[in-house]
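Participant: In my numbering, the protein residues as written are 4 to 236. Note that beta-carbon positions come from the ideal geometry of N, C-alpha and C, so glycine has one too.
#1: Output yes or no for whether 8 Å exceeds the beta carbon distance between residue 243 and residue 95.
#2: According to DSSP, residue 191 sits in a beta bridge with which residue or residues?
#3: Should residue 111 go down as buried or exposed, given a rule of 16 or more other Cβ atoms within 10 Å for buried?
#4: Please report the straight-line C-alpha distance between residue 231 and residue 192, rounded to a whole angstrom.
#5: On the CB-based measure, 16 or more other CB atoms within 10 Å of its CB, does residue 58 come out buried or exposed?
#6: Helix, strand or coil: how does DSSP classify residue 82 here?
#7: If you reduce the DSSP assignment to three classes, tell me which class residue 97 lands in.
#8: Note the first and the last residue of the continuous alpha helix (DSSP H) segment covering residue 131.
#9: Within a Cβ cutoff of 6 Å, which residues of the same chain sit near residue 62, ignoring the five residues on either side of it in sequence?
#10: Can you name the start and end residues of the beta strand (DSSP E) that residue 8 belongs to?
#11: Which of the three DSSP states is assigned to residue 126 in this structure?
#12: For residue 20, write down the residues that DSSP places opposite it in a beta bridge.
#13: Write down the C-beta distance between residue 211 and residue 233 rounded to the nearest angstrom, noting that I regard them as a contact closer than 8 Å.
#14: Enumerate in chain order the residues of its own chain whose CB-to-CB distance from residue 143 is below 8 Å, with the five nearest sequence positions on each side excluded.
#15: Does DSSP put residue 160 in a helix, in a strand, or in coil?
#16: From what residue to what residue does the alpha helix (DSSP H) around residue 200 run?
#17: Nearest to residue 81 by CA position, among 189, 197, 14, is which residue?
#18: According to the neighbour-count rule (16 or more other Cβ atoms, all chains shown, within 10 Å of its Cβ), is residue 223 buried or exposed?
#19: Using only the alpha-carbon positions, how far apart do residue 92 and residue 8 sit?
#20: Would residue 161 be called buried (16 or more neighbouring beta carbons within 10 Å of its own) or exposed?
#21: By DSSP's criteria, residue 64 is part of a beta bridge. Which residues make up the other side?
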């Protein structure tokens with residue numbers, strides 16, 4: 004169909020996904036059943052989901068869950084896991100210390116911080132991702148479902164912060180909250196160098212940029228994932 008695109012993905016557990024992206028004005032997509040039969044004939048078991056541009060993705064075949072976990076997963080989960088591990092390691096969370104996990108997704112970073120002994124407050128806009136994070140566990144963190152720019156004022160004073168905003172970066176009110184937080188260290192994970200540079204300029208008066216690491220999260224593209232580490236002055 005004109006305007007449709009197909010994306011093939013494999014999640015961190017090895018499950019295959021076929022994502023059919025269509026124009027936003029296409030009300031439905033009826034090819035899932037025939038595509039699933041063709042894949043089964045080729046001994047390829049995949050979850051097929053439809054994602055209208057600007058709309059919500061949903062599984063059509065291969066999954067009892069209409070919202071597969073991969074909806075919230077990095078496009079390159081192996082490298083994404085490396086970035087998260089490096090971010091947690093770089094902020095050096097203190098056992099019993101308090102951490103913020105902003106734009107928390109399904110809680111992988113929250114879980115890693117908890118395993119290091121920190122207490123955690125996380126914020127994620129997508130309520131489905133928050134529900135999945137709570138279901139996966141562990142129990143203990145305070146998980147807020149809402150926009151970071153609205154929820155950040157409700158958080159307790161942090162010792163460390165990990166923030167992983169979308170490509171548009173952080174809203175000015177979030178940058179201001181991080182700058183005034185007093186956190187010992189901030190790890191900023193970014194998929195857009197331009198918005199990273201813009202946001203860092205708002206943090207530099209109170210923080211010192213000590214390390215920048217690039218990751219090839221998007222092979223064979225011009226995009227790069229960047230981890231910036233800041234320390235309080």
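Facilitator: In terms of the structure at hand:
#1: Absent from the structure is residue 243, since the part of the chain shown begins at 4 and ends at 236.
#2: Here residue 191 corresponds to residue number 188 of the chain shown, with the count starting at 1. Answer is 166, 231, bridged to residue 191.
#3: For the purposes of this step, residue 111 is identified with residue 108 of the chain shown, where counting begins at 1. Classification for residue 111: buried.
#4: Translated into the one-based positions of the chain shown, residue 231 becomes position 228. Translated into the one-based positions of the chain shown, residue 192 becomes position 189. The straight-line gap from Cα to Cα measures roughly 6 Å.
#5: In the chain shown, residue 58 corresponds to position 55, counting from 1. Exposed: under 16 other Cβ atoms inside 10 Å.
#6: Start at 1 with the first residue of the chain shown, and residue 82 comes out as number 79. The three-state secondary structure of residue 82, taken from DSSP, is helix.
#7: For this step, residue 97 is matched to residue 94 along the chain shown. Annotated three-state conformation of residue 97 is coil, per DSSP.
#8: Residue mapping note: residue 131 aligns to position 128 of the chain shown, counting from 1. First-last of the alpha helix (DSSP H) with residue 131: 130-139.
#9: Indexing the chain shown from 1 puts residue 62 at position 59. For residue 62, where only same-chain residues beyond five positions count, the Cβ hits under 6 Å are 50, 52, 69, 71.
#10: On the chain shown, residue 8 is found 5 positions in, with the first residue counted as 1. From DSSP, the beta strand (DSSP E) with residue 8 extends over 8-13.
#11: As a position in the chain shown, residue 126 is number 123, starting the count at 1. Correct three-state label for residue 126: strand.
#12: Sequence index remark: in the chain shown, residue 20 carries index 17 (1-based). Bridge partners of residue 20: 12, 50.
#13: Within the chain shown, the letter at position 208 stands for residue 211. Within the chain shown, the letter at position 230 stands for residue 233. Their Cβ separation, rounded to whole angstroms, is 7 Å, which keeps residue 211 and residue 233 in contact under 8 Å.
#14: What you label residue 143 is simply residue 140 of the chain shown in a count that begins at 1. Closer than 8 Å at Cβ, skipping near neighbours: 117, 122, 123.
#15: Along the chain shown, read from residue 1 onward, the residue named residue 160 stands at position 157. Coil.
#16: Looking up residue 200 in the chain shown gives position 197. Start and end: 196-206.
#17: Counting from one through the chain shown, the residue named residue 81 turns up at place 78. Looking at the Cα atoms, 14 is the closest of the given residues.
#18: Counting from 1 along the chain shown, the entry for residue 223 is found at position 220. Result: exposed.
#19: Here residue 92 refers to the residue found at position 89 of the chain shown. Here residue 8 refers to the residue found at position 5 of the chain shown. Cα-Cα distance, rounded: 38 Å.
#20: Locating residue 161 in the chain shown gives position 158, counting from the first residue. Residue 161 should be labelled buried.
#21: Numbered from 1 along the chain shown, position 61 holds the residue referred to as residue 64. Answer is 51.
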